[in-house]
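Asks: This structure is in structure tokens; I'll ask about it shortly.
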Amino acid sequence: MILEVRLDMPAWKQAVAVACSILIGMFISAVILVACGVPPSQLVNEFASNVFDAQSLHAVLVQAAPLILVGIAASIGFRARFWNLGLEGQMVWGGIAATAVSIYHVGPEALRLPLMALFAMLAGMAWVAIPALLRLKFAVNEIISTLLLNYVATYCLYDLLYGSWKDSKDGFPHSSLYANAERLPDIGHGINAALPLALVLVVMVWWFAEFSRFGFYLKFIYANPAMGRLVGVPIIPVVWTAVLMSGALAGLGGFVVPSGIAGRLTQGFFEGYGFSGVLIAFLARNNAIAAAIVAALIAMLFVTGQSFQIFYQIPFSMVQMIQAIIVMCVAASEFFIRHRIRLQR
Amino acid sequence: MLLIMATGLKLGSITKSFGDFLALDAAHLSVEYGEVHALLGENGAGKSSLMNVAAGLYSPDAGSIAVAGVPCRFAGPRDSMQHGIGMIHQNYKLVKRFTVAENVLLANPRGNFRSGKATIEREIKEKANALGFSLDPARRVDRLSIAEQQRVEIIKALVAGARILILDEPTAVLTEGEAQRLLAMVRDIAEGGAAVILVTHKLRDVKAFAHRVTIMRGGKTLATVDPRQTTAEQLTTLMVGSHVVTPSRSAKSAGAVRLNVTGLASSTVEGHTPLLDATFSVRSGEIYGIAGVGGNGQTELAEALVGGRQPSAGAISIEEPGSPTAADITRATPRQRRDYGVASVPADRQWFGLATRLSIVDNFAIGFIHEGRFGSIALIDRTGMRRATQAAVNEFEVQGVRSLSQRAGTLSGGNAQKLILSRELSRAPSIIVAHSPTRGLDVRACAAVHARLVAARDAGAAVVLISEDLDEVLGIADRIGVMTRGRIVAEFDAPADRNAVGRAMVDHV
Amino acid sequence: MQDIVISWLANLPSLAVPYALASLGLIISERSGVLSLGAEGLMLVGALAGVAAYLSFGGHPLLALVAAMIAGAFVSILFAVLVVLLRVNQVIAGLSLVFFCQGLTNLIGTVANWSNRTVSGLHVLPLYPLSELPVVGRVLFTQDLIVYLTIPIFIAVTYFLNRTNAGLRLRAIGENPEAADAAGLNIYLYRFAAVIGGSALVGLAGGYLSVGSAKIWIAGMTSGRGWIAVALVIFARWHPWRALAGALLFGGIEALIPQVAAAGIRVPQYFMLMTPYLATLAVMVWQEVRGRIGSDEPAALGQPYVREERT
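Residue numbers (the working numbering), protein chains in the order written: chain H, 137 to 481; chain Y, 74 to 582; chain G, 10 to 320.
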């Protein structure tokens, strides 16, 4: 058996291969779910209802906004060859910063929302700056450092929610409700302002990557940083810019979830977004617009997962499992895109 | 006296392609036991590919292999080894952290580990003594010199019982003295009854040591002749196929000193100092060629000059006309050096010269974008980039460009180098650092590259040409510095006496 | 005070074991050149399998641990196929494996009702009469079987790597797969074996965590220990004994947490829980400050091997 490298494959064929592998991944997931007791007819039902049922559709759109944000956050980091796996930790600190603005009544009420968003972004940037600095100064691999810092961030959150920020009214480990001025406004049909905000950011990030000089430099940093350096690419400023953007967007996601959905800071608001961001960026090949589309699909998965949790007691982490299966199938398909197998006697 | 036996190795009508690229086109080779058989050809002629087929690393699309008259087919390197073929590659297949004994043991298992190691150590010492040198099996390979590592490779093959030994460009990184010793050893091995194939492009080695020579070009076998009966010119014509014009030396004289390098040194983490104390100057309008055998600090010097590596001592400065003080660029970033007019043509062009996954346009435009030539920070000017790239591709005659958006990695070696030159030289640089600019290129591409460097010199640039190819340096340099053990040990003005330069290259060993 | 120290030391070994076994398993696969980031997931698989086997097959702790090893090895086949055969980027494959395992174990654990059920698990095995010695008796000779076996396992693996032909070949593949290929070795076979064998140990580490240490299965119970093991391997510069030292360090930190409260020192609970992660970061920084990690790294780590690619 001989392996031959294909010289290139037309883009449409590649897209078909990826789509097929996604379908295979979903099929495998379905098999596992059925094996765990979900009736097959219900599987299709629940998934289809995301698109056809109005209420589910709204839930999907609301869920899409933070997913878009972590998706483009991951993608801009990956473009700089920075494995930002600390999206959840950055979200946590974004949520904490935004909640702090609410609790300490920072600024006039009219400005409260923008201030929350701003501080959330700054907090996300600060939290990602730590592993970025560790990599720059001490060559510490950011895969491990960003992941470990997620755990640290989570414990900081618990310390606040079980401690000084615990809601005195009901004694549960979540913060008190935000004031009305601190919640993202509805723009109709139960969808909040997070979605248009996310879409605007998608366009901005897309522009940044495709049309700006920084984006051009990023192409080289991604493809061949050694050569880029020799040819004059200012690697360190460009990488820092991309990494800080990544942290800021994730931090913003940490504001959008509490302010847009629950209305307060809760224990597990960030769960599932970390790997989702990575998956979205991976499937979208780090392209911001494709990321928005993929994020919408993942939002459907999230909503389906939530209803499975309610109706069939299937834990929400099945969503993570399905995402992982899809990533593995798509990654495996790249092998078949790149190689042709020939049998030789 | 040669024993008459069946032909040692016979390769017949071997064809092999990699995708679109036809590496071997019905090539054939026939080698007898007891002879040193040279395989001669330019880079890219197919010599290494043909030998990789013999070694079982490539499987041929068509053709036959026969060892000692018996037809065989190799599923992998192990099969080839079992038929008595041992190949010593250009980049040695040695595990650096292992000892000599462990490396030999890896390829030649001898029972359990402990006893096997002892047995192997004995065999190594025996074989080494028989060939006239000593080798300590307990030494780690990364502590041996290149020539010593090569001997480990040979011993490894002999211990495996190789009767057919293939050496791929064995003298490329050796000094003249080491090369002579190696080739003499190789002749002894042949006289012991083995068949030795010497893959090389060095005519002198062929004429001095080979019994027969087969010439390859473009994946085909052209002829097999007796090197003692054939002149060097005839061999060259066979290798190259047509008359080659070397650029004539213009009578221009050089201007003021442009680049000053003083006492440049660079050390590695482990404490080695490949670059010890390099001192030289280059004037504008001259090509300063740095000759020397590879491994004497050339790579470190090239990197230090363009900013890829920080020197541990010494200084690099640029004198600008009209400015009283020289600019110290010893610790400048590559970007700052480019602002001063330094251009870099690196040796490893696929890795440091181009981003192979990006398009031709991108690879050209990156050289100019930060000066603001292609749009502002907020919006790059893609149309302008394409226009400028097309103009450069035309001017520098870069072939194989079906579309400017194609990946730069699809360009052949010569055209990739032309693209790099178009990017670097279009900036009218004042200083050019070219490191092995024609490595792996065919003769026509070589000539094109040389012509560009000479043209840049004529336009007033100070060119530093670092090359392990003595012919290249002697051909176009105006002044020659010989680099040995990290120092410039001698300087010559062109035209230089080849023997004098060669002596300077080895005298300081 | 002395009681606290003794108590701390007595608890240390069993908390160090998961780190030790997991990093040893990672060392085996990384020495063959395969970067294994899936440890966190494989440990979860081993942990669930251990409890599952314990609850389903009559409560034999050793059987449960063997099941954990088999489960870890089995799931790693998926990873090996992706990474060795299909040459998928090893970081993506490792990450996906972790999340796949997290989701899968949570799902199966819930559906099969193995979650949150305490098991009596592995018992302590005092070694009479040594366990009667003061201090040392409690710390060294009143532990469970796996703790006792840890050092022999380390000895066996070290012997394998450094004093056998198979170990030589494995290391060669991790340093210079081209040389190994030219020597006629089957790169794929060795890497597969290294990944699967190493993952059996990682699975055992997880099984010990649930059956031996915590004596329960809870979703996500490894809490990042797998990632710490990955960092430990770098810190240990891929040498088993240094990994053991690192494991003792982290076991010590974990064992310290309850003792601090017992000593009456008032530290906020969650900050104590953060210490293992912060300690890992500190260790990685210190490692770099001290000197190059890279020089001991298996030279071919993380790169898939291709023999004939010409593009």
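Ideal Cβ positions, reconstructed from N, Cα and C, are used throughout, including at glycine. As the structure is a computational prediction, the values presented were derived from the model and not from experiment.
Should E306 (chain Y) go down as buried or exposed, given a rule of 16 or more other Cβ atoms within 10 Å for buried?
Replies: With fewer than 16 other Cβ atoms within 10 Å, it is exposed.
Asks: Tell me which residues of the stretch 444-455 of chain Y have at least one Cβ-Cβ distance to chain G shorter than 9 angstroms, keeping chain order.
Replies: The stretch 444-455 of chain Y vs chain G, Cβ under 9 angstroms: nothing.
Asks: Given that L311 (chain Y) touches chain G, what residues does it touch there, using C-beta distances under 9 angstroms?
Replies: None at all; the shortest Cβ gap to chain G is about 27 angstroms.
Asks: Run through the DSSP bridge pairs and tell me what M583 (chain Y) is partnered with.
Replies: Beyond the ends of chain Y as shown, which are 74 and 582, falls residue 583 (chain Y); an answer cannot be given.
Asks: At 7 angstroms on the CB atoms, spell out the chain H contacts of G381 (chain Y), in chain order.
Replies: Within 7 angstroms Cβ-Cβ: L366.
Asks: Once you ignore the five residues that flank T462 (chain Y) on each side, which residues in its own chain have a CB closer than 7 angstroms to its CB?
Replies: Here the set comprises I433, V434, F437, A438, L477.
Asks: Leaving out five residues on either side along the sequence, give the residues of the same chain with a beta carbon under 6 angstroms from the beta carbon of L205 (chain H).
Replies: Answer for L205 (chain H): A334, L385, L388, G389, listed in chain order.
Asks: If we define contact as Cβ-Cβ less than 8 angstroms, is L142 (chain G) a contact residue for chain H?
Replies: Answer no: the Cβ-Cβ gap between L142 (chain G) and chain H never drops below 8 angstroms.
Asks: Expressed to the nearest angstrom, what Euclidean distance is found between the alpha-carbon atoms of R178 (chain G) and S38 (chain G)?
Replies: Computed Cα separation, rounded: 13 angstroms.
Asks: I want to verify the contact list: residues of chain Y whose CB lies under 7 angstroms from the CB of A460 (chain H), in sequence order.
Replies: Neighbours of A460 (chain H) on chain Y: none; closest Cβ ~27 angstroms, over 7 angstroms.
Asks: I'd like the span of the alpha helix (DSSP H) that includes A191 (chain Y), first residue to last.
Replies: First-last of the alpha helix (DSSP H) with A191 (chain Y): 186-204.
Asks: State yes or no: is the beta carbon of K491 (chain Y) nearer than 8 angstroms to at least one beta carbon in chain G?
Replies: So, not an interface residue.
Asks: Listed from N- to C-terminal order along the chain, which residues in the stretch 167-182 of chain Y have their beta-carbon within a distance smaller than 9 angstroms of any beta-carbon of chain G?
Replies: Result list: L167, V168, K169, R170, F171, E175, N176, L178, L179, A180, N181, P182.
Asks: To the nearest angstrom, report how far apart P502 (chain Y) and A532 (chain Y) are at their CA atoms.
Replies: So the alpha carbons of these two residues sit roughly 10 angstroms apart.
Asks: Can you list the residues of chain Y that A245 (chain G) reaches, using a CB-CB cut of under 9 angstroms?
Replies: Within chain Y, no residue comes near A245 (chain G); the closest Cβ sits about 17 angstroms away, beyond 9 angstroms.
Asks: If we ignore side chains and look at the alpha-carbon of each, how far apart do Q111 (chain G) and T244 (chain Y) end up?
Replies: Near 56 angstroms, if we compare the C-alpha coordinates of T244 (chain Y) and Q111 (chain G).
Asks: Per DSSP, P135 (chain G) is paired with what?
Replies: Answer is G:T151, bridged to P135 (chain G).
Asks: Where do the N-terminal and C-terminal ends of the alpha helix (DSSP H) with D299 (chain Y) fall, by residue?
Replies: Run containing D299 (chain Y): none; DSSP gives neither H nor E here.
Asks: Considering only residues of the same chain and omitting the five flanking positions on each side of G326 (chain H), which have a CB-CB separation below 6 angstroms?
Replies: So the list reads H194, once near-sequence residues are dropped.
Asks: Return helix, strand or coil for E393 (chain Y), following the three-state DSSP convention.
Replies: Coil at E393 (chain Y), not helix or strand.
Asks: State yes or no: is the beta carbon of F147 (chain Y) nearer than 8 angstroms to at least one beta carbon in chain G?
Replies: Closer than 8 angstroms: no.
Asks: Report buried or exposed for F418 (chain H), applying the criterion of at least 16 other Cβ atoms within 10 angstroms of its Cβ.
Replies: Buried: at least 16 other Cβ atoms inside 10 Å.
Asks: Run the proximity test for V264 (chain H): is its beta-carbon closer than 7 angstroms to any non-hydrogen atom belonging to the ligand COA?
Replies: As far as ligands go, the structure on display features none, and thus does not contain the ligand COA.
Asks: Using DSSP with H/G/I as helix, E/B as strand and the rest coil, what is P146 (chain H)?
Replies: If DSSP states are grouped into helix, strand and coil, P146 (chain H) belongs with coil.
Asks: With a threshold of 16 other CB atoms inside 10 Å of the CB of C273 (chain Y), please say whether the residue is buried or exposed.
Replies: Note that residue 273 (chain Y) is Thr in the sequence shown, not Cys. Looking at its Cβ environment, which holds 16 or more other Cβ atoms inside 10 Å, T273 (chain Y) is buried.
Asks: Is there at least one Cβ from chain H nearer than 8 angstroms to S326 (chain Y)'s Cβ?
Replies: So, not an interface residue.
Asks: Near E251 (chain Y), which residues of its chain fall below 7 angstroms by C-beta distance, leaving aside the five closest residues on each side in sequence?
Replies: Cβ neighbours of E251 (chain Y) beyond the five flanking positions: A220.
Asks: Run the CB neighbour count on A174 (chain Y), radius 10 Å, all protein chains shown included, and call it buried at 16 or more, exposed below.
Replies: Answer is buried; the Cβ neighbour count reaches 16.
Asks: Using 8 angstroms for Cβ pairs, my map puts N185 (chain G) next to A19 (chain G). What's the rounded Cβ distance?
Replies: N185 (chain G) to A19 (chain G), Cβ: 45 angstroms. No contact.
Asks: Would you mind giving the Cβ-Cβ distance between V3 (chain G) and L91 (chain G), rounded to the nearest angstrom? I have them listed as a contact below 8 angstroms.
Replies: The first residue shown for chain G is 10 and the last is 320, placing residue 3 (chain G) beyond what the model contains.
Asks: What is the C-beta distance between S165 (chain H) and V439 (chain H), in whole angstroms, given that I count them as a contact (C-beta under 8 angstroms)?
Replies: No, S165 (chain H) and V439 (chain H) are not in contact; Cβ-Cβ is about 16 angstroms, not under 8 angstroms.
Asks: For C172 (chain H), decide whether its Cβ has a neighbour in chain G, counting only Cβ atoms nearer than 8 angstroms.
Replies: Judged by the 8 angstroms Cβ criterion, C172 (chain H) is in contact with chain G.
Asks: So, is W148 (chain H) buried or exposed, given that buried needs 16 or more other C-beta atoms within 10 angstroms?
Replies: When all chains shown are included, W148 (chain H) counts as exposed.
Asks: K523 (chain Y) lies in the alpha helix (DSSP H); which residues open and close that run?
Replies: In the sequence as displayed, the identity of residue 523 (chain Y) is His instead of Lys. Segment 516-531, the alpha helix (DSSP H) holding H523 (chain Y).
Asks: I'd like the list of long-range same chain contacts for G261 (chain G), defined as Cβ closer than 6 angstroms, with 5 residues on each side in sequence excluded.
Replies: Answer for G261 (chain G): L21, listed in chain order.
Asks: Buried or exposed: which applies to D322 (chain H), given that a residue is buried once 16 or more other Cβ atoms fall within 10 Å of its Cβ?
Replies: That one is exposed.
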